[in-house]
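In the working numbering, the protein residues as written are 1072 to 1591.
We put the beta carbon where it would ideally sit given N, CA and C, even for glycine.
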């Protein structure tokens, strides 16, 4: 499943140019089919907190004086399973959309898309620190070229900015990984995730430095305010499929990295930095929304909305309650679906009008009723309308954050204003684009979505309703992994649930730092 797209990328370079899109679509779609089959099998393993479908093959063992111990370890649990499903769905949809819009350098374009898919899926499955880093870096190169070659007028500037931001953060993380993996008892260099969890013990000051190195790299990827400045440029200049992948799955690499690596490996530091991360998340929610309100480019507006929505995810992660953590994880999926759909819709109208300025659109609902209906559903999902997928995650994040034992109520209170701000800028944009008299002749010539475009949007629309109306089964799977993670962080970080003062009420108390290290 992980390397099928990589094999497809090689095949794309070998077949005739006119066959490359079809081979790319098949190579991208096969992992999704396999993943659906694995997911059905995974549901049969419900009730277990361990990783499913674990692959553990030695790579480099007992080599050299440092006794290098590096393995090829892949696996999925309740935290990663839905992100892998999302990734393997978004890529074939993006490639299918590109078949109607990309006209130049087809072999290079589709091969880079498939290499990117391998990197993303491998990242969400990797359970070896070095392998995880390889996949993390593997994503950087193809995305750089996708923006730089097939992007807009400012594509060189945007791609270079994306590359430099991500590279600086990843180099800091590499230094932290090297140091961390040398701390395994027995004078070995061990990159096994499970070994690091069980055997590495370090002082709080060292843990804080390592957490900072990891968190900075992931915060750039999210992106978390004030490290977000690369995102609007990258989104605006990227080709439509690039924007869909960037918003749909690449941003989730940052939030997933925090959940998978920062929290379990550095629990005390995670608790210590919880207020800082929550404060930045809250600022990002409000700032991203306010910035979106003043945008005149519809694609740039959607880009700033991602800064705001990703802030909710970070707030949920560092609230350290099961509700908020589960809400943050499912919101990663929901944001990928809704925002990915928004970028697809923006790309469809851009292909017709070759402009993204909001002032150039007015009254197009009359000419494009199917487009307007799907656009309305997608906007409502992004706003968080109950019954659609965007509501569930944000609601759980806010409820769980109010119950947080480590951050104050001021953060979720202020973050809740982000929901109102999102409704303002998204509904304002929708009204300006869809309604009113048609005052430009070009808009009178617009044609509605064709079958190809409806086929791209249909799976995402279905998922908006499924995850909005039937979220409980998905949340149960997520909580099997999210709940123990929260307990581990709180215990190691010196915060422990006390006996309930009365039935249904749980109180929290903070332990002394020294005592916290003794909690098992």
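Using three-state DSSP, classify residue 1440 as helix, strand or coil. helix
Under 8 Å by Cβ, that's how I've got residue 1204 and residue 1245 pegged, so tell me the actual separation to the nearest angstrom. 6 Å
In whole angstroms, what is the alpha-carbon distance linking residue 1548 and residue 1103? 19 Å
So what's residue 1480 in DSSP terms, helix, strand or just coil? coil
Enclosing beta strand (DSSP E) for residue 1298 [first to last residue]: Element bounds for residue 1298: n/a, residue is neither H nor E.
Quick check for students: name the residue ranges of the alpha helix (DSSP H) that lie wholly in the region 1137-1203, counting only runs of 4 or more. 1152-1169 and 1177-1196
Out of 1392, 1428 and 1512, point me to the one whose CA is closest to residue 1366's CA. 1428
Excluding five sequence neighbours on each side, which residues of the same chain lie with their C-beta closer than 8 Å to the C-beta of residue 1122? 1146, 1147, 1148 and 1198
Helix or strand or just coil, what does DSSP make of residue 1128? strand
Opposite residue 1428 in the DSSP bridges: which residues? 1368
From which residue to which residue does the alpha helix (DSSP H) around residue 1390 run? Counting along the chain, residue 1390 falls outside any alpha helix (DSSP H), and DSSP gives it neither H nor E.
Can you find at least 3 beta carbon pairs, one from the region 1427-1444 and one from the region 1495-1504, that sit closer than 8 Å? yes
Check whether the Cβ of residue 1101 lies closer than 7 Å to any heavy atom of the ligand GDP, and answer yes or no. As presented, the structure is devoid of all ligands, the ligand GDP included, so that no description of it is given.
Would residue 1098 and residue 1082 be called neighbours here (beta carbons separated by less than 8 Å)? yes
Report all residues from its chain with a CB closer than 7 Å to the CB of residue 1075; omit the five preceding and five following residues, and keep chain order. 1098, 1101 and 1102
Cβ separation of residue 1488 and residue 1357, assumed to be a contact under 8 Å, to the nearest whole Å: 6 Å
Is it buried or exposed, residue 1483, if we count other Cβ atoms within 10 angstroms and call 16 or more buried? buried
C-alpha gap between residue 1332 and residue 1516, whole angstroms: 52 Å
Could you check where the alpha helix (DSSP H) with residue 1323 kicks off and where it finishes? 1322-1328
So what does DSSP say about residue 1123, is it helix, strand or coil? strand
Across the region 1383-1394 and the region 1306-1313, are there enough close Cβ pairs to call them in contact, namely three or more that are closer than 8 Å? no
Locate the alpha helix (DSSP H) running through residue 1562, then write down its first and last residues. 1543-1563
Straight-line Cα distance separating residue 1143 from residue 1258: Summary for residue 1258: the model assigns pLDDT 49, below 50, so the residue's position carries little reliability, and this model does not support an answer.
For the candidate residues 1414, 1177 and 1194, whose alpha-carbon lies nearest to that of residue 1328? 1194
Coarse secondary structure for residue 1566, derived from DSSP in three states: strand
First and last residue of the uninterrupted alpha helix (DSSP H) at residue 1088: Residue 1088 -> no alpha helix (DSSP H), and no H or E assigned at all.
Taking only the alpha-carbon atoms, compute the straight-line gap between residue 1167 and residue 1527 and give it to the nearest angstrom. 7 Å
8 Å Cβ cutoff, residue 1088 in contact with chain C: Given the protein chain composition of this structure (a single chain), no chain C is represented.
Residue 1337 - containing alpha helix (DSSP H), residue span: Run containing residue 1337: none; DSSP gives neither H nor E here.
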